[in-house]
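> Residues in the sequence shown are numbered from 82 upward in steps of one, following my numbering.
Got a structure here, written out as structure tokens. Questions coming.
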Amino acid sequence: MNAIASINEFVDVMLESKADFQNVKAQAESRNNQVKECISRFEAAIRELTGRKVKVKNPELEDISRKQTAGLEEMLQRVAASLEATRRGMKFINEYEDSFNIAVFGKVKAGKSYTGNFIMGNVIRDLGIATSYDKIQPRPTVTVIDRGKKTTQAKLAEFDEEGKEGFRVDPNEATSTIQLFRLGGMVWIDTPGIGSVTWDNEMLAKSFVDNADLIVYMSNSDAAGTQQDFKELKALYARQKRFVLLLTQSDDTPEDVDDEGNIIRVLGPRSEKDRRDMEEYIRDELVKHGIRINMDKEVLTISTKLAIEGLKNNDEAMFEASNLKKFLAILISITRNEAGKLKLATPSGRINAMIDEIVKALGTADGTLTEHMKILEDMKRTLSEDNENLQYKMLNECMNKVTSIVTSKAQEVESGSASLSSDELQEIVSREVYRVILATCTEKFAGSENILSEYAATLKVGGISGLSMRHDTIEYNRQVSERYERDPDGIIEHVKSWFGAKFHSFRLKTITEHRNIDLGVNLTEVLSDVRRSVEAIFREQVPGIMRKLSDSLIAPVADLRKSAGIEIEKAKRELTGLKC
Ligand SMILES: Nc1nc2c(ncn2[C@@H]2O[C@H](COP(=O)(O)OP(=O)(O)O)[C@@H](O)[C@H]2O)c(=O)[nH]1
Ligand SMILES: [Mg+2]
Numbered sequence: 082m083n084a085i086a087s088i089n090e091f092v093d094v095m096l097e098s099k100a101d102f103q104n105v106k107a108q109a110e111s112r113n114n115q116v117k118e119c120i121s122r123f124e125a126a127i128r129e130l131t132g133r134k135v136k137v138k139n140p141e142l143e144d145i146s147r148k149q150t151a152g153l154e155e156m157l158q159r160v161a162a163s164l165e166a167t168r169r170g171m172k173f174i175n176e177y178e179d180s181f182n183i184a185v186f187g188k189v190k191a192g193k194s195y196t197g198n199f200i201m202g203n204v205i206r207d208l209g210i211a212t213s214y215d216k217i218q219p220r221p222t223v224t225v226i227d228r229g230k231k232t233t234q235a236k237l238a239e240f241d242e243e244g245k246e247g248f249r250v251d252p253n254e255a256t257s258t259i260q261l262f263r264l265g266g267m268v269w270i271d272t273p274g275i276g277s278v279t280w281d282n283e284m285l286a287k288s289f290v291d292n293a294d295l296i297v298y299m300s301n302s303d304a305a306g307t308q309q310d311f312k313e314l315k316a317l318y319a320r321q322k323r324f325v326l327l328l329t330q331s332d333d334t335p336e337d338v339d340d341e342g343n344i345i346r347v348l349g350p351r352s353e354k355d356r357r358d359m360e361e362y363i364r365d366e367l368v369k370h371g372i373r374i375n376m377d378k379e380v381l382t383i384s385t386k387l388a389i390e391g392l393k394n395n396d397e398a399m400f401e402a403s404n405l406k407k408f409l410a411i412l413i414s415i416t417r418n419e420a421g422k423l424k425l426a427t428p429s430g431r432i433n434a435m436i437d438e439i440v441k442a443l444g445t446a447d448g449t450l451t452e453h454m455k456i457l458e459d460m461k462r463t464l465s466e467d468n469e470n471l472q473y474k475m476l477n478e479c480m481n482k483v484t485s486i487v488t489s490k491a492q493e494v495e496s497g498s499a500s501l502s503s504d505e506l507q508e509i510v511s512r513e514v515y516r517v518i519l520a521t522c523t524e525k526f527a528g529s530e531n532i533l534s535e536y537a538a539t540l541k542v543g544g545i546s547g548l549s550m551r552h553d554t555i556e557y558n559r560q561v562s563e564r565y566e567r568d569p570d571g572i573i574e575h576v577k578s579w580f581g582a583k584f585h586s587f588r589l590k591t592i593t594e595h596r597n598i599d600l601g602v603n604l605t606e607v608l609s610d611v612r613r614s615v616e617a618i619f620r621e622q623v624p625g626i627m628r629k630l631s632d633s634l635i636a637p638v639a640d641l642r643k644s645a646g647i648e649i650e651k652a653k654r655e656l657t658g659l660k661c
């Protein structure tokens with residue numbers, strides 16, 4: 082195939098390939114949307130959790146709770162950052178979704194722009210050579226992206242012989258832009274040379290590389306394969322980017338003598354030996370750097386200058402020697418066989434990488450939460466160990482307090498106050514027991530009062546009798562004299578009785594009488610009731626209360642972790658399912 086035929090085939094394939102990419106957008110977008118939906122559901126769930134504002138007054142727990150919330154917030158931020166990076170990448174993909182994007186990478190003055198201009202075809206058109214490029218009307222133009230601004234120009238800016246880059250006034254600005262053009266289904270992205278870009282544009286260049294379907298890495302064959310080149314290549318290889326390595330400017334203008342004996346310089350290919358040595362060196366270095374590529378297909382020594390000169394002079398041999406035909410053939414073959422696949426692989430790869438990143442962020446957050454959970458478990462253990470000592474201490478204090486209260490109440494009753502009913506006394510004792518528990522626990526765990534308050538009404542002692550004076554009744558007999566009517570005695574009394582006289586006599590009588598005596602207040606009995614019932618409370622109710630106390634203190638913090646953990650697991654599962 083001659084030069085023109087191979088150029089025509091290249092241009093025609095690029096023009097035809099446009100249709101291949103139409104499907105890609107829909108597929109990539111739909112999956113990306115699924116990921117976004119999953120993330121926003123997750124985000125809403127987590128925000129709901131962290132928004133609950135767990136109220137714990139205990140400083141240690143508060144600290145854990147704060148850390149947990151902060152950990153979750155940080156996780157959301159990382160997830161959002163991943164989404165944003167991918168969104169930016171996807172924006173690029175969307176903008177160039179109907180094309181096969183080739184990003185050209187390499188050091189300054191490698192010949193990137195010069196070669197790009199050749200591929201763009203205007204150089205060939207300017208030579209007045211008729212090719213399939215003529216089908217593209219109007220002529221392709223170059224879009225320049227510099228720090229977000231887009232401008233248009235006729236060709237890619239190149240360095241001239243003196244090392245000045247065309248179209249640019251400010252030399253610092255030179256080579257700092259991204260330049261691109263379209264050729265049918267292909268977009269050729271000419272990135273600035275490595276290390277020569279402003280930060281913004283470097284990030285842009287990196288994102289173009291990230292989102293490119295194929296990297297053409299150019300390295301001047303004069304100084305090909307510097308350590309920096311291999312570093313870059315290795316990074317590209319690690320990203321599983323398909324790439325072609327071009328060793329450019331593989332030509333020479335040695336001095337010669339013409340028929341008249343004048344010394345002239347003739348452009349020609351570099352010697353076979355030179356090329357082979359170069360290729361061998363590159364092969365060895367690539368292997369050394371762990372880069373495995375197909376040397377025949379992916380490494381090529383080229384000279385764009387020879388290609389142009391060959392076309393200009395209608396010199397097929399020179400065009401052949403330029404190796405451009407081989408490069409065009411590689412692009413044709415990739416476009417025909419793999420462009421569609423690669424095109425899909427780019428967004429897929431981006432989405433998969435994003436999912437991996439998000440899942441990793443989720444994992445880290447989950448790990449942090451688990452750490453907090455361990456602290457909580459420790460706290461819970463300490464609480465229950467402490468609780469036993471605490472219960473003993475509270476029991477003692479309750480006994481002392483209650484005994485002194487009851488004793489003083491008894492004194493009041495003894496000195497004349499009304500008795501205290503069993504209910505009244507139980508109420509007093511219950512209140513005191515509650516007060517002691519509340520005071521001790523609050524001192525120990527801030528925040529206990531809320532949890533304990535529900536026990537104010539249920540913590541009741543029972544079986545205590547009322548406080549009252551004790552009395553006794555004693556029975557005794559007494560002899561009293563009793564006057565009684567007797568029969569008349571003797572004649573005289575009989576006679577008198579006939580006239581109505583009555584006669585009396587006295588006798589002794591024993592009567593039984595009762596008397597009440599004060600036995601004092603029933604304090605001993607009441608105190609023993611009190612002891613029994615307070616002990617019962619500490620046996621039957623207080624352990625449960627203490628358990629509840631430590632559980633309730635920890636619960637809100639533990640719940641947050643549990644719910645967040647569930648959401649994280651769910652999101653991880655869903656996202657992993659979206660990978661392909
Ligand atoms: N001899 C020779 N010079 C070339 C070739 N390709 C590019 N150049 C020259 O190399 C210099 C840098 O080219 P340019 O494309 O601007 O480099 P870039 O920084 O990689 O874009 C320019 O002066 C070109 O004329 C080639 O194949 N052979
Ligand atoms: Mg350039």
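Ideal Cβ placement from N, Cα and C applies to all residues, glycine included.
Return the CA-CA distance between K643 and R620, expressed in angstroms with no decimal places.
The residue given as residue 643 occupies position 562 in the sequence shown. The residue given as residue 620 occupies position 539 in the sequence shown. Straight-line Cα distance between these residues: approximately 33 Å.
> Mapping the DSSP letters down to three states, classify N395 as helix, strand or coil.
Position 314 of the sequence shown, counted from the first residue, corresponds to residue 395. Coil.
> Less than 7 Å separating the Cβ of E242 from some heavy atom of ligand 2?
Indexing the sequence shown from 1 puts residue 242 at position 161. Result no, Cβ not under 7 Å from ligand 2.
> Measure from the alpha carbon of P569 to the alpha carbon of each residue in A582, Y557, Q560, then state which is nearest.
For the purposes of this step, residue 569 is identified with residue 488 of the sequence shown, where counting begins at 1. Taking only the C-alpha atoms, the option nearest P569 is A582.
> Using the Cα positions of P252 and T258, report the straight-line distance between them to the nearest angstrom.
The residue you call residue 252 lines up with position 171 of the sequence shown. The residue you call residue 258 lines up with position 177 of the sequence shown. Caution is warranted here: a pLDDT of 49 is assigned to P252, below 50, making its placement in the model unreliable, and no coordinate value can be reported.
> Measure the C-alpha to C-alpha separation of V250 and I226 and round it to an integer number of angstroms.
Looking up residue 250 in the sequence shown gives position 169. Looking up residue 226 in the sequence shown gives position 145. Bear in mind that a pLDDT of 48 at V250, under 50, signals an unreliable position, so the model cannot answer this.
> What does E336 pair with, by DSSP beta-bridge criteria?
Translated into positions along the sequence shown, residue 336 becomes position 255. E336 is bridged to R346.
> With respect to 7 Å, is the separation between the Cβ of D271 and the closest non-hydrogen atom of ligand 2 below this value?
One-based indexing of the sequence shown puts residue 271 at position 190. True, at least one ligand heavy atom lies under 7 Å from that Cβ.
> Are L237 and Q260 closer than 8 Å when you measure CB to CB?
Here residue 237 corresponds to residue number 156 of the sequence shown, with the count starting at 1. Here residue 260 corresponds to residue number 179 of the sequence shown, with the count starting at 1. In this structure, Q260 lies closer than 8 Å to L237 by Cβ.
> Could you check if M359 belongs to the surroundings of ligand 1, using beta carbon to heavy atom distance under 7 Å?
What you label residue 359 is simply residue 278 of the sequence shown in a count that begins at 1. It does not: the Cβ of M359 is nowhere closer than 7 Å to a heavy atom of ligand 1.
> Out of V494, L659, L96, state which residue places its alpha-carbon closest to the alpha-carbon of I432.
Against the sequence shown, residue 432 aligns to sequence position 351. I432 has its Cα closest to that of L659, out of V494, L659, L96.
> I'd like to know if the region 153-163 and the region 115-129 are in contact, where contact means that at least 3 CB-CB pairs between them fall below 8 Å.
Contact holds: three or more Cβ-Cβ distances are below 8 Å.
> On the three-state DSSP scale, how would you describe F526?
The sequence position of residue 526 within the sequence shown is 445, counting from 1. Coil at F526, not helix or strand.
> Any chance you could list the beta strand (DSSP E) runs of at least 3 consecutive residues sitting entirely within the region 195-270, in chain order?
223-227, 230-234, 259-264
> Consult DSSP for F580 and reduce its assignment to one of helix, strand or coil.
Residue 580 sits at position 499 when you count from the first residue of the sequence shown. In the structure shown, F580 sits in coil (DSSP, three-state: anything other than H, G, I, E or B).
> Does the Cβ of E165 lie closer than 7 Å to at least one heavy atom of ligand 2?
Taking the sequence shown and counting its residues from 1, the one referred to as residue 165 is at position 84. The answer is no for E165.
> Taking DSSP as the reference, what is the three-state secondary structure of Q560?
By 1-based counting over the sequence shown, the position of residue 560 is 479. In the structure shown, Q560 sits in a strand (DSSP, three-state: E or B).
> By DSSP, does M550 sit in helix, in strand, or in coil?
Within the sequence shown, the letter at position 469 stands for residue 550. If DSSP states are grouped into helix, strand and coil, M550 belongs with the strands.
> How many Å lie between D610 and F526 at the Cα?
Sequence index remark: in the sequence shown, residue 610 carries index 529 (1-based). Sequence index remark: in the sequence shown, residue 526 carries index 445 (1-based). D610 and F526: Cα-Cα distance of roughly 31 Å.
> Tell me whether A151 is buried or exposed, calling it buried when 16 or more other Cβ atoms sit within 10 Å of its Cβ.
Along the sequence shown, one-based indexing puts residue 151 at 70. It counts as exposed.
> Quick check on M454: does DSSP put it in helix, strand or coil?
Sequence index remark: in the sequence shown, residue 454 carries index 373 (1-based). Residue state, collapsed to three classes: helix.
> Going by Cα to Cα distance, which pick from A434, K482, V483 is closest to V116?
Along the sequence shown, one-based indexing puts residue 116 at 35. Checking every option, the nearest Cα to that of V116 belongs to A434.
> Helix or strand or just coil, what does DSSP make of N662?
Because residue 662 is not part of the residues shown, which for the chain are 82 to 661, the question remains open.
> Are the CB atoms of K393 and D332 nearer to each other than 8 Å?
In the sequence shown, the residue the question calls residue 393 occupies position 312. In the sequence shown, the residue the question calls residue 332 occupies position 251. A distance of 8 Å or more separates the beta carbons of K393 and D332.
> Suppose the cutoff is 7 Å on Cβ atoms and the five residues either side in sequence are ignored; what does the same chain contact list for Q622 look like?
As a first step, residue 622 is located in the sequence shown; it is residue number 541 there, counting from the start. L540.
> Let's see if you can read the secondary structure: which residues bound the alpha helix (DSSP H) around I411?
Numbered from its first residue, the sequence shown carries residue 411 at position 330. Its alpha helix (DSSP H) spans residues 405-414.
> Note down, in chain order, each residue of its chain lying with its Cβ closer than 8 Å to the Cβ of I344, except the 5 sequence neighbours on either side.
Here residue 344 refers to the residue found at position 263 when the sequence shown is read from its first residue. Closer than 8 Å at the Cβ level, and outside the excluded window around I344, lie E336, D337, V338.
> What is the rounded straight-line gap between the Cα of D635 and the Cα of A446?
Along the sequence shown, read from residue 1 onward, the residue named residue 635 stands at position 554. Along the sequence shown, read from residue 1 onward, the residue named residue 446 stands at position 365. Sequence inspection shows Ile at residue 635; the Asp mentioned does not correspond to that position. Rounded to whole angstroms, I635 and A446 show a C-alpha spacing of 20 Å.
> My understanding is that D271 touches K193, with C-beta atoms under 8 Å, so please give their C-beta distance in whole angstroms.
The count along the sequence shown starts at 1 and reaches residue 271 at position 190. The count along the sequence shown starts at 1 and reaches residue 193 at position 112. Right, the Cβ-Cβ distance comes to about 6 Å (below 8 Å), so this counts as a contact.
> At which residues does the alpha helix (DSSP H) containing T382 begin and terminate?
Within the sequence shown, the letter at position 301 stands for residue 382. Not the alpha helix (DSSP H): T382 falls in the beta strand (DSSP E), residues 380-382.
> A319 lies in the beta strand (DSSP E); which residues open and close that run?
Locating residue 319 in the sequence shown gives position 238, counting from the first residue. Where A319 is concerned, there is no enclosing beta strand (DSSP E), although the alpha helix (DSSP H) it sits in stretches over 308-319.
> Give me the Cβ distance between K190 and F262, rounded to the nearest whole Å; I'm assuming they're in contact under 8 Å.
To locate residue 190, count along the sequence shown from 1; it is residue 109. To locate residue 262, count along the sequence shown from 1; it is residue 181. Not really, about 20 Å apart at Cβ, beyond 8 Å.
> Counting Cβ pairs, one atom from each stretch, are 3 or more of them under 8 Å apart for the region 550-561 and the region 518-532?
Contact fails: fewer than three Cβ-Cβ distances are below 8 Å.
> Mind reading off the beta-carbon distance from T382 to N404? Whole number of angstroms is fine, and I expect it under 8 Å.
Counting from 1 along the sequence shown, the entry for residue 382 is found at position 301. Counting from 1 along the sequence shown, the entry for residue 404 is found at position 323. Indeed they touch by this definition, with Cβ atoms about 6 Å apart.
> Hey, could you find the ends of the beta strand (DSSP E) M299 is sitting in?
Working through the sequence shown from its first residue, we reach residue 299 at position 218. M299 -> beta strand (DSSP E) spans 295-301.
> Helix, strand or coil: which one does DSSP assign to A191?
Counting from 1 along the sequence shown, the entry for residue 191 is found at position 110. It is coil, neither helix nor strand.
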